[in-house]
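Protein sequence lines correspond, in order, to chains X and P. Using full-length UniProt numbering, the first residue of the first sequence is number 1, and each one after it goes up by one. Using full-length UniProt numbering, the first residue of the second sequence is number 1, and each one after it goes up by one. Yeah, the Cβ is synthetic: ideal placement off N, Cα and C, and Gly gets one too.
Protein chains: 2
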Amino acid sequence: MKAIRWHPPSFDIRVEEIPAPKIEHPDDAIVKVSLAALCGSDLHIYRGHGGPGITAVHTCGHEFIGHVVELGSNYGVDSAKGRPELYATLKVGDKVVSPFTVNCGECGVCRLGYTCRCPSGLLFGSPALEGGQAQYVRVPKAGATLFNLNDPHSWSSSLPAELKATALAGIADSSLLMLADILPTGVFAALQALNHPKVLPALTGRPFPTSFFPGEASAAMVAEDRTLTFAIIGLGPVGLCAAVSLLDMLASKELPFQIIAIDPVEDRRAKAMAIYNKIDTAGKGKGTFETCDIEQAKKRCVGCSAVLEVVGNTSAISLAYDLVRNFGAITSVGVHGQPPVPFTGSQLYAKNVSFDFGRCPARAMFPLAFDLLVKRQDVFGEVGGPDSLVDRIVSPDEAPEMYRAFEKNQVGKVVFKMN
Amino acid sequence: MKAIRWHPPSFDIRVEEIPAPKIEHPDDAIVKVSLAALCGSDLHIYRGHGGPGITAVHTCGHEFIGHVVELGSNYGVDSAKGRPELYATLKVGDKVVSPFTVNCGECGVCRLGYTCRCPSGLLFGSPALEGGQAQYVRVPKAGATLFNLNDPHSWSSSLPAELKATALAGIADSSLLMLADILPTGVFAALQALNHPKVLPALTGRPFPTSFFPGEASAAMVAEDRTLTFAIIGLGPVGLCAAVSLLDMLASKELPFQIIAIDPVEDRRAKAMAIYNKIDTAGKGKGTFETCDIEQAKKRCVGCSAVLEVVGNTSAISLAYDLVRNFGAITSVGVHGQPPVPFTGSQLYAKNVSFDFGRCPARAMFPLAFDLLVKRQDVFGEVGGPDSLVDRIVSPDEAPEMYRAFEKNQVGKVVFKMN
């Protein structure tokens with residue numbers, strides 16, 4: 001089969017013919033990949049910044065969609081009962097999307113919903129697990145890892161029945177592919193911001209301390225106190241998904257808000273506004289949405305209830321600190337590297353700031369992310385358009401050039417048509 | 001009047017006769033101080049580490065209790081209506097306790113409950129505001145700042161009526177003084193840990209993501225998943241208050257738990273166990289409580305649901321990181337200084353860790369802290385005893401020696417009898 005492979009030490013992507021994967025464990029599935037995407041976090045390894053353990057040649061990619069072509073012996077048998085549902089129900093031919101990591105679904109970490117930190121977890125497209133930028137990919141623990149797009153039963157219970165019936169037919173594969181990483185990560189960023197106890201007083205009208213011991217609504221609170229203000233730092237594909245998700249959540253609860261979406265790149269800001277402009281009036285909710293660059297942000301949006309940091313570097317997290325109010329929350333889903341966190345202890349104490357760091361538990365977020373995709377797919381336009389998350393769909397043969405151009409910010413999100 | 005005063009640059013405490021404070025603003029109250037305490041955070045200025053702005057001679061202390069002896073002209077008048085309640089109800093003679101900072105109670109920050117970051121806030125015992133280690137203290141914006149111990153109406157609505165009637169009579173002033181800082185700060189630490197969305201799945205049985213969109217209870221969760229594990233780092237007075245508060249909250253909800261309380265000092269660990277041993281069976285709840293030193297902690301309690309960091313230095317926050325599980329929460333109420341936070345971005349990303357930093361909004365926490373004091377006062381023993389938060393009550397004339405000894409860890413919490 002054809003596969004897009006990384007070679008050490010850096011900047012060396014080759015399209016190679018290698019043997020197709022086989023079932024290695026009874027829990028495995030083999031997926032025939034239709035589309036696989038290039039993600040910003042693929043660049044860490046591409047640049048040779050994957051860390052000291054990342055030296056082996058491997059197939060790239062952790063965002064893919066396809067069909068099941070082979071299942072291990074643990075599927076559809078009596079012993080599948082009591083295990084994650086897909087061990088009993090998944091069939092050859094089912095259309096599936098995978099999160100970017102494997103999870104077992106049967107340990108305490110998975111049961112709590114923290115699927116991306118499953119102790120049996122492996123990242124696709126790393127030396128530990130061959131990636132999805134190939135014609136076929138082996139998915140370990142597939143009965144827990146995969147999301148079966150052919151089975152409405154596994155979708156969120158909050159999705160209206162009439163949407164379930166027609167949901168899948170109306171969505172392009174290049175949109176469904178966003179479920180692998182960027183859409184759940186955006187939903188995760190928005191959800192963490194809205195869930196944070198430091199945001200709750202404005203959200204509920206009940207002053208801090210609240211939640212564990214529900215407080216009483218404060219008659220004294222005025223409308224201004226209850227207007228939630230958010231900054232989104234970084235308007236790449238994940239930041240755009242975070243924006244759409246945040247808007248949707250705020251609109252669904254009819255909460256008043258202000259969102260300022262920040263990126264130094266004008267084209268990205270324009271794309272954010274193009275997507276926002278396509279949202280219907282009800283979906284826009286009771287608030288405002290603006291874009292600006294970093295200097296404007298520092299002047300205009302200091303004092304945010306919460307900041308969504310979707311970049312993953314030192315300047316982004318510093319900007320988040322500058323923009324958040326005292327007793328505000330910073331939710332950081334960017335993939336941070338080796339530089340030290342740029343704060344002194346007294347800075348953090350003095351601002352009563354909170355941080356939520358880390359990787360999205362994508363598998364646990366799938367139902368919410370799929371809901372959002374069904375409800376809001378219309379805001380994402382045709383591939384390559386000014387309002388599309390995907391810049392282009394290309395042949396895998398173009399991978400070396402696309403990696404090079406993507407690393408230089410010369411193309412947006414690239415999808416490879418693998419079959 | 002007699003006052004305990006700090007002189008620059010450091011380690012220079014003098015007991016001096018100075019003019020008693022006067023009403024300077026119609027919102028002021030003058031409080032005759034019965035007891036004032038020495039707090040670990042007083043040591044920052046004592047050592048000359050208060051920062052470049054801290055050069056002026058001033059009266060020390062931000063923990064005090066006393067009686068109102070004079071009120072400004074804004075009290076008990078028609079214009080007090082619609083303002084914080086004490087502008088209408090506070091009277092000369094009322095017994096009051098103050099949080100360590102002033103708050104106006106009338107701005108958006110105060111209305112949200114974030115009283116310790118009120119833009120009009122001032123810290124007692126700093127060049128900006130004379131402290132409470134004096135025979136009299138001026139309290140700005142006293143109608144919002146003070147807690148009236150003579151007015152059960154202002155106490156928490158969750159306190160049973162039969163306790164309200166007798167509550168005050170049964171509590172020593174040296175215990176009520178703990179309301180000024182250490183008890184609400186302990187409650188704040190415990191509350192932030194239990195409120196954190198990353199702790200909620202174990203607490204509620206509903207897997208992540210939950211809360212903003214209430215998830216469904218997971219039939220798959222087992223008892224072990226739902227056992228909350230906590231580390232408390234630092235068993236000074238605030239750490240002990242955090243431990244009692246956490247135990248009380250967990251017991252009140254009948255939640256299963258494990259608490260490991262950590263301190264390198266054997267006497268502090270012994271005090272923690274002595275206090276724990278005095279809690280009745282119902283108050284101990286459905287869990288275990290142990291103490292250990294730092295090395296034992298690193299071996300035994302890795303993987304905590306949440307860590308309460310009550311020290312405020314680099315090694316404490318590093319230990320917190322080591323002990324917390326993936327997707328765990330660290331609540332840091334220690335007063336951190338100038339050293340950089342000792343983490344790389346990738347460490348925080350890799351563990352999906354959350355932090356809540358900062359100062360307790362003590363005024364907003366008073367009702368919960370007072371509840372706890374009423375319910376659990378019996379666990380804190382006689383002054384100087386092995387189970388007491390207060391080591392000794394002394395004359396203010398001993399202040400220079402007590403500051404010296406406290407800074408050297410040669411005495412525990414010291415209270416000055418000012419009148």
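### Message
Measuring only the C-alpha atoms, how far is Pro52/X from Asp293/P?
### Response
Just so you know, the alpha carbons of Pro52/X and Asp293/P end up roughly 34 Å apart.
### Message
For Cys304/P, list the residues DSSP reports as bridge partners.
### Response
Cys304/P is bridged to Val324/P.
### Query
Where do the ends of the alpha helix (DSSP H) carrying Asp44/P lie?
First, the residue type needs correcting, since residue 44/P is His and not Asp in the sequence shown. Per DSSP, the continuous alpha helix (DSSP H) segment holding His44/P begins and ends at 42 to 46.
### Query
Should Ser346/P be flagged as near chain X, meaning a C-beta pair shorter than 8 Å?
Interface residue, yes.
### Task
Using 10 angstroms around the beta-carbon of Lys22/P, count the other beta-carbons present and answer buried if the total reaches 16, otherwise exposed.
Counting Cβ neighbours within 10 Å, Lys22/P comes out exposed, since fewer than 16 surround it.
### Task
Consult DSSP for Lys2/X and reduce its assignment to one of helix, strand or coil.
DSSP places Lys2/X in strand when its eight states are reduced to three.
### Query
Between residue 440/X and Ala320/P, what straight-line distance do the alpha-carbon atoms span, to the nearest angstrom?
For residue 440/X there is no data in the structure shown, the boundaries of chain X being 1 and 419.
### Task
Starting from Val335/X, find everything on chain P with Cβ-Cβ shorter than 7 Å and list it in chain order.
Neighbours of Val335/X on chain P, chain order: Tyr349.
### Message
Counting only Cβ pairs nearer than 8 Å, list the residues of chain P close to His196/X.
### Response
Ordered by position in chain P, the residues that pass the 8 Å Cβ test against His196/X are Pro197.
### Query
Under a Cβ-count criterion, where at least 16 other Cβ atoms within 10 Å of its own Cβ denotes burial, should Thr281/X be classed as buried or exposed?
Exposed, by the Cβ-count rule.
### Inter-residue Cα distance where the pair is Gly105/X and Gly93/X
Cα to Cα, the separation comes out at about 22 Å.
### Task
Just mark Glu266/X as buried or exposed, buried being the case when its beta carbon has 16 or more other beta carbons within 10 Å.
Exposed, since its Cβ has fewer than 16 Cβ neighbours within 10 Å.
### Query
Which residues in the same chain as Val311/X place their Cβ atom closer than 7 Å to its Cβ, once the five residues preceding and following it in sequence are excluded?
Hits under 7 Å: Ile233, Gly234, Gly334.
### Task
Indicate the three-state DSSP secondary structure (helix, strand or coil) for Pro340/P in the structure shown.
Looking at Pro340/P - three-state DSSP - the assignment turns out to be strand.
#### Entry: Range of the contiguous beta strand (DSSP E) that encloses Pro256/X
Where Pro256/X is concerned, the enclosing beta strand (DSSP E) stretches over 256 to 262.
### Query
CA-CA distance, Asn409/P and Val302/P?
Computed Cα separation, rounded: 29 Å.
### Message
Can you give me the C-alpha to C-alpha distance between Phe406/X and Glu398/X, rounded to a whole angstrom?
### Response
Whole-angstrom Cα-Cα distance: 12 Å.
### Message
Contact criterion: CB-CB distance below 8 Å. Does Ala202/X meet it with respect to chain P?
### Response
By this cut-off, Ala202/X is an interface position.
### Message
Taking a contact to mean a Cβ-Cβ separation below 8 Å, would you say Ala316/X touches Tyr136/X in this structure?
### Response
Judged by their CB atoms, Ala316/X and Tyr136/X are not nearer to each other than the 8 Å cut-off.
### Task
Mark Thr288/X as exposed unless 16 or more other C-beta atoms lie within 10 angstroms of its C-beta, in which case mark it buried.
Around the beta-carbon of Thr288/X, fewer than 16 other beta-carbon atoms lie within 10 Å, marking it exposed.
### Task
Within the same chain, show all residues whose beta-carbon is closer than 6 Å to that of Ser41/X, passing over the 5 residues directly before and after it, in chain order.
Same-chain partners within the cutoff: Val335.
### Task
Compare the Cα-Cα distances from residue 479/P to each of Gly121/X, Ala297/X, Phe327/X and report the closest residue.
Nothing about residue 479/P can be read from this structure; chain P reaches only from 1 to 419.
### Query
Should Val109/X be flagged as near chain P, meaning a C-beta pair shorter than 8 Å?
Interface residue, yes.
### Task
Per DSSP, which residues does Glu70/X bridge with? Please list them.
For Glu70/X, which the question treats as bridged, DSSP gives the partners Ile30/X.
### Message
I'd like the span of the beta strand (DSSP E) that includes Val96/P, first residue to last.
### Response
It spans 95 to 97 - the beta strand (DSSP E) in which Val96/P sits, taken as one unbroken run.
### Task
Could you tell me whether any Cβ in chain P is nearer than 8 Å to the Cβ of Gly125/X?
False, the Cβ-Cβ gap to chain P never drops below 8 Å.
### Task
Could you pull the start and end residues of the alpha helix (DSSP H) that Tyr87/X belongs to?
From DSSP, the alpha helix (DSSP H) with Tyr87/X extends over 86 to 89.
### Query
Of the choices Ser354/X, Asp378/X, Phe355/X, Thr314/X, whose alpha-carbon is the least far from that of Tyr276/X?
That would be Asp378/X, whose Cα lies nearest to the Cα of Tyr276/X.
### Query
Which chain B residues sit within Cβ distance under 9 Å of Gln258/P?
Considering every chain present, this structure includes no chain B. Its protein chains are X and P.
### Task
Name the one or two DSSP bridge partners that Arg392/X has.
Val414/X, per the DSSP bridge assignment.
### Message
When you compare the CB of Gly50/X with every CB in chain P, is at least one pair closer than 8 Å?
### Response
Gly50/X does not count as touching chain P.
### Message
Quick check: is the beta carbon of Ala364/X nearer than 8 Å to any beta carbon in chain P?
### Response
Cβ-Cβ to chain P under 8 Å: yes for Ala364/X.
### Query
What residue range is occupied by the uninterrupted alpha helix (DSSP H) comprising Ile279/X?
Here Ile279/X belongs to no alpha helix (DSSP H), and DSSP marks it neither H nor E.
### Message
Whole angstroms are fine: how far does the CA of Ile260/P sit from the CA of Arg111/X?
### Response
Per the coordinates, the alpha-carbon of Arg111/X lies some 24 Å from the alpha-carbon of Ile260/P.
### Task
Following the continuous beta strand (DSSP E) through Glu17/X, name the residue where it begins and the one where it ends.
13 to 17 is the span of the beta strand (DSSP E), which, as asked, contains Glu17/X.
#### Entry: Simplified DSSP state of Ser10/P, which is helix, strand or coil
Under the three-state reduction of DSSP output, Ser10/P falls in the coil class, being neither helix nor strand.
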